[in-house]
Structures are given as C-alpha cells and as structure tokens.
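Everything below concerns the one structure shown next.
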Amino acid sequence: MSDNTASSAALPVLTVRDLKLHYFTSKGVVRALDGLSFDLLPGETIGLVGESGCGKTTTGVALLNMPSPPGRIVEGSIRIDGTEIVGLGDHELRRKVRWSKISMVFQGAMNCLTPVYTIRKLMRETYAEHFVGERIDAAAIEELMRKYVTLVGLPEHVLGRYPHELSGGMKQRVVIAMALFLEPKVIVMDEPTTALDVIVQAQILNLIKRLKRELKLSYIFITHDLATEAEVADRILVMYAGKMAELGSNEEIFGPVGSRHGPLHPYTQKLLASTPLLRKKVSELAFIPGAPPDLIDPPAGCRFAPRCSFAKEKCRSVEPPVAEIENRHMVACWKAMEDPEYVRA
Amino acid sequence: MCALKMSPAMPERPGYFGYDDSNVILELRLLRKEFHVHRGRTIVKAVDGVSFQLHRGEILGLVGESGCGKTTTGKLIMKLIEPSSGAIIVDGEDRTRLPREREIEYRRHVQMIFQDPYASMNPHFKVKDVLEEPLLIHKIGRTRSERMDMVAEVMEKVKMSPASEYMDRHPHMLSGGQRQRIATARTLILKPQIIVADEPVSMIDLSTRAEILHLMKSIQREMELSFLYITHDISTARFFTDRIAVMYLGRIVEIGSQDEVIDHPIHPYTKALIAAVCEPVPGRVGIERELQVKGEIPSAAAIPAGCRFHPRCPFAAKECAELPEPELEDIGGGHLHACRRWKEI
Amino acid sequence: MNLRDSMESLRDFWAEFSKVKTGLVGLALLLAFVLLGIFGSFIVPFPGASSHWRDITFWQDNPQAAPPVWVNFFSATKGCPSTTLTKPTVNSQDEGNGVSLETFVFTYAYRYDLPPRDMVVRLKGTGQVPVSITVERPDGLSAEIYRDQLQLAEDDVQRVSVSRNCAQAVIEFVRGQNEDLASTMSPELIKPIGILFSKLDTHVSDSPTPVKGEYKITVTALILSSDFKLDKPAISISGYVSGLLGTDASKRDVFTGIIIGIRWALIIGILTSVVSVIAGVLLGIIAAYIGGAVDWLLTRLYELIYLLPVLPFLIVISAIFKPSIWTLITIICLFFWTGSFKTVYSMTLQIKEETFIEASRALGSSAWRIMLKHISPILLPYSFASMALSIPAIIVYEASVSLLGLGDATIVSWGQILEAALSQGAVINRLWWWVVPPGLMIALMGMSFAFLGTALDKILHPKLKTR
Numbered sequence: 007m008s009d010n011t012a013s014s015a016a017l018p019v020l021t022v023r024d025l026k027l028h029y030f031t032s033k034g035v036v037r038a039l040d041g042l043s044f045d046l047l048p049g050e051t052i053g054l055v056g057e058s059g060c061g062k063t064t065t066g067v068a069l070l071n072m073p074s075p076p077g078r079i080v081e082g083s084i085r086i087d088g089t090e091i092v093g094l095g096d097h098e099l100r101r102k103v104r105w106s107k108i109s110m111v112f113q114g115a116m117n118c119l120t121p122v123y124t125i126r127k128l129m130r131e132t133y134a135e136h137f138v139g140e141r142i143d144a145a146a147i148e149e150l151m152r153k154y155v156t157l158v159g160l161p162e163h164v165l166g167r168y169p170h171e172l173s174g175g176m177k178q179r180v181v182i183a184m185a186l187f188l189e190p191k192v193i194v195m196d197e198p199t200t201a202l203d204v205i206v207q208a209q210i211l212n213l214i215k216r217l218k219r220e221l222k223l224s225y226i227f228i229t230h231d232l233a234t235e236a237e238v239a240d241r242i243l244v245m246y247a248g249k250m251a252e253l254g255s256n257e258e259i260f261g262p263v264g265s266r267h268g269p270l271h272p273y274t275q276k277l278l279a280s281t282p283l284l285r286k287k288v289s290e291l292a293f294i295p296g297a298p299p300d301l302i303d304p305p306a307g308c309r310f311a312p313r314c315s316f317a318k319e320k321c322r323s324v325e326p327p328v329a330e331i332e333n334r335h336m337v338a339c340w341k342a343m344e345d346p347e348y349v350r351a
Numbered sequence: 526m527c528a529l530k531m532s533p534a535m536p537e538r539p540g541y542f543g544y545d546d547s548n549v550i551l552e553l554r555l556l557r558k559e560f561h562v563h564r565g566r567t568i569v570k571a572v573d574g575v576s577f578q579l580h581r582g583e584i585l586g587l588v589g590e591s592g593c594g595k596t597t598t599g600k601l602i603m604k605l606i607e608p609s610s611g612a613i614i615v616d617g618e619d620r621t622r623l624p625r626e627r628e629i630e631y632r633r634h635v636q637m638i639f640q641d642p643y644a645s646m647n648p649h650f651k652v653k654d655v656l657e658e659p660l661l662i663h664k665i666g667r668t669r670s671e672r673m674d675m676v677a678e679v680m681e682k683v684k685m686s687p688a689s690e691y692m693d694r695h696p697h698m699l700s701g702g703q704r705q706r707i708a709t710a711r712t713l714i715l716k717p718q719i720i721v722a723d724e725p726v727s728m729i730d731l732s733t734r735a736e737i738l739h740l741m742k743s744i745q746r747e748m749e750l751s752f753l754y755i756t757h758d759i760s761t762a763r764f765f766t767d768r769i770a771v772m773y774l775g776r777i778v779e780i781g782s783q784d785e786v787i788d789h790p791i792h793p794y795t796k797a798l799i800a801a802v803c804e805p806v807p808g809r810v811g812i813e814r815e816l817q818v819k820g821e822i823p824s825a826a827a828i829p830a831g832c833r834f835h836p837r838c839p840f841a842a843k844e845c846a847e848l849p850e851p852e853l854e855d856i857g858g859g860h861l862h863a864c865r866r867w868k869e870i
Numbered sequence: 525m526n527l528r529d530s531m532e533s534l535r536d537f538w539a540e541f542s543k544v545k546t547g548l549v550g551l552a553l554l555l556a557f558v559l560l561g562i563f564g565s566f567i568v569p570f571p572g573a574s575s576h577w578r579d580i581t582f583w584q585d586n587p588q589a590a591p592p593v594w595v596n597f598f599s600a601t602k603g604c605p606s607t608t609l610t611k612p613t614v615n616s617q618d619e620g621n622g623v624s625l626e627t628f629v630f631t632y633a634y635r636y637d638l639p640p641r642d643m644v645v646r647l648k649g650t651g652q653v654p655v656s657i658t659v660e661r662p663d664g665l666s667a668e669i670y671r672d673q674l675q676l677a678e679d680d681v682q683r684v685s686v687s688r689n690c691a692q693a694v695i696e697f698v699r700g701q702n703e704d705l706a707s708t709m710s711p712e713l714i715k716p717i718g719i720l721f722s723k724l725d726t727h728v729s730d731s732p733t734p735v736k737g738e739y740k741i742t743v744t745a746l747i748l749s750s751d752f753k754l755d756k757p758a759i760s761i762s763g764y765v766s767g768l769l770g771t772d773a774s775k776r777d778v779f780t781g782i783i784i785g786i787r788w789a790l791i792i793g794i795l796t797s798v799v800s801v802i803a804g805v806l807l808g809i810i811a812a813y814i815g816g817a818v819d820w821l822l823t824r825l826y827e828l829i830y831l832l833p834v835l836p837f838l839i840v841i842s843a844i845f846k847p848s849i850w851t852l853i854t855i856i857c858l859f860f861w862t863g864s865f866k867t868v869y870s871m872t873l874q875i876k877e878e879t880f881i882e883a884s885r886a887l888g889s890s891a892w893r894i895m896l897k898h899i900s901p902i903l904l905p906y907s908f909a910s911m912a913l914s915i916p917a918i919i920v921y922e923a924s925v926s927l928l929g930l931g932d933a934t935i936v937s938w939g940q941i942l943e944a945a946l947s948q949g950a951v952i953n954r955l956w957w958w959v960v961p962p963g964l965m966i967a968l969m970g971m972s973f974a975f976l977g978t979a980l981d982k983i984l985h986p987k988l989k990t991r
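Just so you know, the protein sequences line up as chains G, C and L, in that order.
Counting from 1 along the first sequence, just add 6 to a position and that's the residue number in our numbering.
Counting from 1 along the second sequence, just add 525 to a position and that's the residue number in our numbering.
Counting from 1 along the third sequence, just add 524 to a position and that's the residue number in our numbering.
What follows is the structure, given as structure tokens:
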C-alpha cells in the first residue's frame, strides 16, 4: 500500500515496501517484522511506537540492513535517497550507506562506548569505518567533530575525555553527535531517552527538537512510550506483533478518541488509555488483558483480534490490509475501515 | 507527646507532621546511610536524613531520579542494609537494630516487591517453590499439603487461577505481568503489614501495567496494607498513590497528598520534575520544554553546602548557599516542603 | 524436586547430551568399565584372585611369563595353551579283601607345535595311597612317569609336577626306546614335559617334533582299606601360551589382574573426585557467600595448597609413612579440592548479587538456606563436569605413586601391575603383554572420563548468567 505522495511536493527520503524480517531459530521461524510499508519525507520525524515484541527495534536494525543472526530480511525493499539497500553486501553497506546516508542511535548505546578510548578516538574510528568520497585530512575531521559536539550542546574538551568521565546525559549527547557527524539524511533513534532520568530526558528531547529545527534531517524515533513520542514525532506509526496497526499525524493520534480525526485502531486507543497523565487526574487506567501473540505461529486474521474488545467474526478470520482512511492516515482494522462485512456481523 | 519506647539512640522527631499520630505504622527519623568507597577515602551519602511517616492502609509514593536514595531507603526499611544513623520505628517500637530472632519476626511483617520480575525469582524454582519458601523460612504450615493450600489461596488472590495450571511452571514460562503477580503473591502469603514496592511495573509493558497496579491497589485496600511505592515515574505515582514524597540527593524535599504536590508544588525541584514530564497530547512537536533547572545532579559524595538543590535552582539566592539546610516546613494540610524562599518565588 | 521433575530434567539433559558424539563414546566406555568392575569376578578365569594376588601358591600351576593365547593366530608354530583336565573316566576294580584299584583316565587332545611348560597332577585324599601315573601317547608309546606311596590328608593337596618330579622317570621312558639317547640326558638339564610330547629322535632336545594326537593320562591308585580314599584328581596343563593377556613373571594371569584393576581404578577415581569436588564446591560457596574472616582463611588455605606440587608431596609422604590406599585417597582429596574451589568461588560471587538472592534474604532466609537451596543447585552441573574431568589425573597420580613402588601393596591397581612389570624385567625380556595392557587401560579410562567430562562441560557450561 503505497503512501499517497501526490499531495506532497518533495520525494520521500526513505521508502519502505512490504519489509519482512524473520529470525530463523531452532524453535521455528519468528516473524518479527511481517510486511511494513511507509514513506519518510525530508525533515519529517516518524515515531515508531509499540510494546515489547512488536517489531519496532527490528525495523530499526532492518533500515540499516544489519539484522542480528539468525535474522534475515526475507522480503521487501528499502530505498534511501533512491538507493535500494536490501540485497547489498556488507562492505558496500558500510562504505556507502551506513552512517553516510542513514545512521542509528542504538538502545543503550551510551553504555556501549568503549571505556578505553577517548571520545575523539571513538569518533575518528566511526569516521574511518564509514567515510564516503575522498579522504579528508585529520584537521578536517577534527573540525567536523568539534562542530557536531558543540551542536549537541557539549563543550569541545569532551573530545579528550573518556566515557566514564561523562554523565549519562552527556554520553547520550556524544552518541547523538556520533550519529550526526557524517551528515546522513536519515537518523534512526532507538529508545534514546528511556534509560535517562526525567529531567535529563527532557533536556535531550529539547536537543532533538532543536536539531530537528536546525538541521532539517529526517528521523525515525523508536520508543514504547507514547508520551515521549508526542514530543518529537510529526507522524506516529503504531506497531503490533510485527505489523503496522496505524499510521497517523501527531494531531490525529493524540486527537479526540471516537472522531475521524482521532486514533482509529482499537489498539492505539487502548494504548493511549493506558498511559497515565500527570497534569490531569486519572481515575481509571485502561489495560489490555492477555499478551501479544507468538510470532512463530501468529493467529489467522487480525493479530490483535484475540485481545480486542471490538473483534468480530471477520477480524478473526481475515487479516485486514493497511487502508488509507484520511489523507495519509493509515489503519489496518476492519472496524476503523467501516468494512461492511464487519459492520453487518 | 505520645508515650513511645525511647531508645537512647533515637533522635528527636524533627518538625511537626500534622497527621494523626495514632495511625502511623512506619516512621523514619533522620535515617542516614553512608557508603565508604575507594578504601574509605570517599563517603557517599546515599540517604542523608530522611524522615517521614507511613500511615496504616496508606500508599505513600517515594519519587525521585536515579541516585536520590529512594531505593536505598527501601533497602534500609527492608533491613537488607544497616543504617549509619537514625531510627526505623514500626508500630511505635524502635526496630532500627534487632537481634536475630526479632529480625525474623520483623521480616514477616515487612515485605518487598522488586523491580525486575524475572531476576527476583530463582529461575530453577517452580512457582510453587517460590511461594512456599517464605512459609518454610518462617515455619508456617505443618504439612506440605497445608502449605500448598496456602500457596493456592494466595495465587487465587492475585488472579493466577486456576492455581494448579501455574504452580508447576518455571518463571521463564510466565509473562512479565504474571511474574510480577507471583512476586506480589510471595509478599502476601505471610500476611504482612507493610509492603515496599521498588519500581514494580517499570519493566512491564504499558498495556499490562495498569492491570498489575489495579490488582495491587485492590489487594491493598482489601487487606489494609500499608504501601511504600518507590518510583521515578511521577505519572504512575499520581495514579496509584495517596501521598507523594519527593526525594533529591538523599533527602525529602517535599511531601504531601498527591493532588497537592502535583497541582500545587512548592519546592523548585518538584516544579522542575513536573515540568519535565511528557504527556501524550498533540501539538508538542517543535516546542521546547522550559526546564527550570540548571546542570546535572551532583554526586552524592559531594553534596552542596546549604540547600542541596541551590546550585541548580534558578531561584537560588545567597542565603540558600550560606544558611544551613532548610528543614521540612508544614504549610498546612499535611503538605511539607524544604524551600527557604518559597514565598518569594 | 520430586521424582517426576527429576525424570523430566533428566530427559531434557539426555536430549542435549546425545548430541555430543564424544560424550556418548565416553559414556559407553564408562558403562563398559563399570559393568566389568561389578561383574568382573564372574568372567575372570581366576575368581578369588584379588585376595590372592601376592600368594605364590595360588598361581603355582600357571606358566611363568607366558604370552597370550591369541598370539597363536599370528604365528605358524602354535603354542600349547593352559588348560585343566577335570573329567576323567573313573573305573573302580575290586581286588578283594577291601582293596580296590581305582583308575582315572584323562584324555587330552594335543594339536600344538610348542609343548606346555609343565603338567601338574593334583591329588587329594585320605591315608596311605600308592599312586602311579601313566601317559599313553598317540604314537603308541607309554610312559610311567610316576610311582610312589603318598601320605594324603583331606585338606592337603599333593602336586605331582612333571617338570620337577618326573625327570628321572622320563629318562627311563626314553631309555626304553633309545638307549643311546637316554645316556645323553641328565635329570637337571632336560625338559621332561617337552620330551613327553615330542618325537624321540636325536633332535628331541634342541628342535623337537611334536607328537600330535590324543593322549591318555591314567592315574591309578590302590585303595588298601575303606578308611583310605583318593578324590578325583585334576590335571593342570601349564601352557606355552596362557590366558587372554598372558602371565607375568610371578605366574599371575595378567587379564585377571587388569579386570580387578578396573574396580580399584573406579573406586579410587570416582571416590576421590566426588569427595574433592564436593569439598571444593562447598568451601567455595561458603568462602564467597559468607566472606570476611572465613573467606580470608579459606582463600589463604587454597593458595597454600594450590602452590604445593602434588606428585613430589605424594612421593615423600608415601616413602616415609607407607600409607594405605585410603590414606592416599585422602591426601589426593586434600589437594584436589582446590580445583573446583576457585571457579565456584567466582561463580558464587556473581550469583550472590542476583536479585533473587536478595529477595530470599528479605524474606528472612538464613545464609545456609541460601547456600544450599539457591546457590548449590546452580553449581550442580558444573560440579558433575568437574568430577568427570578430574578423574584421569587422579588415576595417573595413583599409578605414578604405585609405579615408584610406594603405593599400597595390598591392592591390585594398574599402577601396581606396571610397577611389577618394570621392576621384574618385563621390558628387557620383551614381555609386552605385561607392560602394554595396564598402561593402555590407564589411558582408556582417563580418556573415557575426559570425553564424558568435556561433553558435560559443553552442555552444562557454567552459565555465569543464571538465565
């Protein structure tokens, strides 16, 4: 189901079509990502949100074509800036795609900085692995590093420090700088603020918003927390059990429940109802009984049907396709689509 | 002045709490815990003079960022570590230092729910073994079948029924939410009076979180348990607790009913904390959050002189750094805070 | 853990274990060893040998330093194997006046090129009994090799050995056929048994030609009164070749010795490893969990013992105190507990920090409960692997000590057999069947435990993460 780009002037910087990534384990084939399609426009931030096991982190690593074994991209296409990256070899990916076209801030990356290297050495190493074009001299690299380190709000002398000398917030800024400084077009961030304290989290989110404004890059922001997503995402892609449940704008997803301009998928609605608010007293917090399905043997029909309070006959037998309800607002739900068979049952 | 058994080491109760004294089940008075690291050269003051009261049947939230000492306070109450000074008073009696036999009795009445639902249970034990352990330790139940009856009963209480279906499973065969139910059941089987819950739902999916919290609350109300709910997530605290205490760098800076503390915060740190929290509402993209706090949390080994928050406080004046640390001040209705300049801000 | 749970985890374990081929080989070998160890006494040709290993009279009918019987397959000249003739045809003839003539006729099919080393007739009975022994050869010649009046007692076995007692009689037999040939013979220099089984030509002494066929050996006894009697005699043929693994210089059947050795090897190996590993594991857990002074003490003890060289120590102790095998086992245990101690110590330090240990403490668990119920089960798999892997070294240590002649002389271990072989000149005399088997068995048993242990280690690899 292709995104309707006729109304947007720019070409998408990232297009994903029918992406499938499966893990071939000894217990069976885990269909972690089972057919995802979306477009990312330049300067846009898409928030990938969902709970554990929904496939959002899998999507992140798939976009850099680096599934961890025994995972493999079995189907689909990923085009970054026109270049198809599914099917490319590892060497080409490293030299031509990763970090130069698309980079990633991994979950918990701030704790994975090699403790025996200074920040300068770490960044230089990243550069050496991924540079594209002609080699530039050490002075130019230094200039580049200083530029981005300052951009993320750190003093220049941080380059000479070791990771353990920095606080959590500073380390996260370093990791973000490392993802930016080779100037890719798309940055994937996987839970960049989850491990941080509340106030530091707010500071980093402020940084991300500022970078968004100043650098006009495109981001994929992955998190399980809808509240964080609301801060940075222009559009939100809700995932469930390896598939897209809903893709809508910030206004639509956080809009009034029940209206056509609000969240349409029952899962999205329930997820919102489960997120506690701070400034408004909440008397009841919703929850969804049961657990996500087994991805080795997913149920027939809609994968959310077993836990959905609106599920009917059709939901349990036929899987709903991704349908465009409003302009660029996609849902994979028979009820949201007002499918006649569903309504009748 | 109530007739409490005074041991020579018990300090004078600081300030005036304004709550009904007769209903206090747990009271901490100027509790302190220091850790000597680097061969005693550095002293980390993890808990630096914490005083509060927990009333019978109440849920008190202990909220703060990492390093504020909330988990250490929980462990001190649980007697997993020994305090450096101060008093722990349960049911009017000083229980700070107990001989072995009295300590076992203490542990019957004070139980803990841990953050990681998997790590808190021995993976080799079956559910029935996990739940039987407290009975065996405290020599409750004369025969195995008598104990198993009690195990089944408590499993029904946490809605893990039919009990026989889950009894023989190992923890890894249960979902995160189910494991946390068993962890809760383990605390209940001894019919305690006080439960310390350390981030019980932070490692559980959003959609199941409310289910667990709902269960805990209904059990708490039914059994008239007194809960100390430790968390960094102030939004969940709002939903779950009756009163909230905000901790910063080893001390309580504000305490009061949750409506009061969150809707009418006094202390600048509480205000900053609340301002930093994100919510799932539309229209936040591109708007940077105003954070009225500077810098990062200092190390607990180098606590600032005077008011410990003053280096980061945007309203700090000379007196905040020079005068001794302000004590908790009651402004009525059980709402206490520790800010010298609150009337001017 | 009840029986059903144990069975279930055993089945899971077996599924994993059977995937590792070397482990199965090790297990098969071990099973073979254990079965032989238990039922060995039923299959050895000399039951009761273990208590009589150093009793000369027990082995006296065996040939000395005889090669195994199967060397006949590889040689054109077949040596005569040891055997026992026990079923004579009995004939009793009444001579009147209470006197009877009893004859016992043994048939012996001889089809070999190389004659036996000796033939021994064992007689038992009561009273004064005149006895004569005649050998009837296939070529028709008959020799009376013995005639005497024996004083028999019930528990006293009289042995008539052709080599020792019948030399003169054999010369007389030769004289009856060939006067000249007999005159060249003297009783001290001839081999009577060889002559008995060879053609009586001039080459009978240097390159004899065997006379093959059916031999009849008749033992005739005159029973003079009803009080006297002669029990059924038995004839032992001390072969040129003997047993599955030959005999040693003290006439002991090597095969029997090897089988008995299995029992001792298993006892020493398994007992020592089980005791030392359990000690090491327990001490490791205690030191790591309790910490403080106990930890300090145990770690210093560990360091001290770890530094001591085992073998020189064993040698010195054995030379001075000449300990029994049980003392030796104890001493080896005192050294070997250090092997598992350190690893268990490190593992316990990590396990100690796990949340479920903290939770158990919060519930009021005593330190012992935590160590026994929580920590030990996690270390159990590692313990089994450790036990299996320490056995080869233990067996070699015992063998080394025995080899130097310092071991417990009352037991029969492969080390002991090797020691006897080397000190009694097996190498010089090329008695390979005495030297190779014990060494091979030590290697085989060591190998089987090493395979088993490595396979166990691979599956039950000490998972420092308890998930």
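Positions of the beta carbon are idealized from the N, C-alpha and C atoms, including for glycine.
> Candidates L:Gly816, L:Ala556, L:Phe860, L:Ile839: which alpha carbon is nearest Gly804 of chain L's?
Replying inline: L:Phe860
>> Against Ala612 of chain C, what residues of chain G qualify as contacts under a CB-to-CB distance less than 7 Å, listed in chain order?
In response: Result: empty, since nearest Cβ-Cβ is about 30 Å, beyond 7 Å.
>> Distance cutoff 8 Å, beta carbons only. Does Ile782 of chain L sit that close to anything in chain C?
In response: no
>> Using a 10 Å radius around the Cβ and a threshold of 16 neighbouring Cβ atoms, would you call Lys651 of chain C buried or exposed?
In response: buried
> Quick one: what does DSSP say Phe859 of chain L is sitting in, helix, strand or coil?
Replying inline: helix
>> Which runs of the beta strand (DSSP E) at least 3 residues long sit entirely within the region 750-833 of chain C? Give them in chain order.
In response: 751-756, 768-773, 776-782
>> Just to confirm my understanding: we take Ile810 of chain L, look at its own chain, exclude 5 residues before and 5 after, and list those with CB closer than 8 Å. What are they?
In response: Val818, Leu822, Met895
> Under the three-state reduction of DSSP, which class applies to Ala600 of chain L: helix, strand or coil?
Replying inline: coil
> Hey, quick one: how far does the alpha helix (DSSP H) through Lys558 of chain C stretch, first residue to last?
Replying inline: Per DSSP, Lys558 of chain C belongs to no alpha helix (DSSP H); it is in the beta strand (DSSP E), 549-562.
> Does Ile799 of chain C come within less than 8 Å of chain G when only Cβ atoms are used?
Replying inline: yes
> Rounded to whole angstroms, how far is the Cβ of Glu779 of chain C from the Cβ of His835 of chain C, which I believe are closer than 8 Å?
Replying inline: Not really, about 16 Å apart at Cβ, beyond 8 Å.
> Can the beta-carbon of Val783 of chain L be found less than 8 Å from the beta-carbon of Val595 of chain L?
Replying inline: Position check: residue 783 of chain L holds Ile in this sequence, whereas Val was assumed. No, Cβ-Cβ distance for Ile783 of chain L and Val595 of chain L is not below 8 Å.
> Are the beta-carbon atoms belonging to Leu795 of chain L and Ile853 of chain L less than 8 Å from one another?
Replying inline: yes
> What does Ser889 of chain L reach in chain C if we use C-beta pairs closer than 7 Å?
Replying inline: Ile662
> Can Ser686 of chain C and Met680 of chain C be called in contact, C-beta distance under 8 Å?
Replying inline: yes
> What's the call for Pro262 of chain G, buried or exposed, on a 16-neighbour Cβ count within 10 Å?
Replying inline: exposed
> If you compare alpha carbons, which of C:Gly857, C:Leu853, C:Ala842, C:Gly811 is closest to Ile870 of chain C?
Replying inline: C:Ala842
>> If you reduce the DSSP assignment to three classes, tell me which class Phe577 of chain C lands in.
In response: strand
> Which residue from L:Ile918, L:Trp938, L:Ile580, L:Val735 puts its Cα closest to that of Ser666 of chain L?
Replying inline: L:Val735
>> What does the alpha-carbon distance come out to for the pair Arg954 of chain L and Tyr632 of chain L?
In response: 31 Å
>> Taking 8 Å as the threshold (C-beta atoms), are Leu676 of chain L and Phe649 of chain L in contact?
In response: Note on residue identity: the sequence assigns Gly, not Phe, to residue 649 of chain L. Result yes, Cβ atoms of Gly649 of chain L and Leu676 of chain L sit closer than 8 Å.
>> Beta-carbon within less than 6 Å of Leu529 of chain C's beta-carbon, same chain only, minus the 5 sequence neighbours each way: which residues are those?
In response: Here Leu529 of chain C scores only 35 on pLDDT, less than 50, and its place in the model is too uncertain to base an answer on.
> Leaving out the 5 sequence neighbours to the left and right, which residues in its chain are closer than 6 Å to Asp9 of chain G when beta-carbon positions are compared?
Replying inline: Bear in mind that the predicted position of Asp9 of chain G carries a pLDDT of just 45, short of 50, making it too unreliable to give a figure here.
>> Any contact between the region 747-760 of chain C and the region 710-726 of chain C? By contact I mean 3 or more CB pairs, one from each, below 8 Å.
In response: yes
>> Check this for me: beta carbons of Thr64 of chain G and Lys218 of chain G, under 8 Å apart or not?
In response: no
>> Once DSSP output is grouped into helix, strand and coil, what is the label at Ala571 of chain C?
In response: strand
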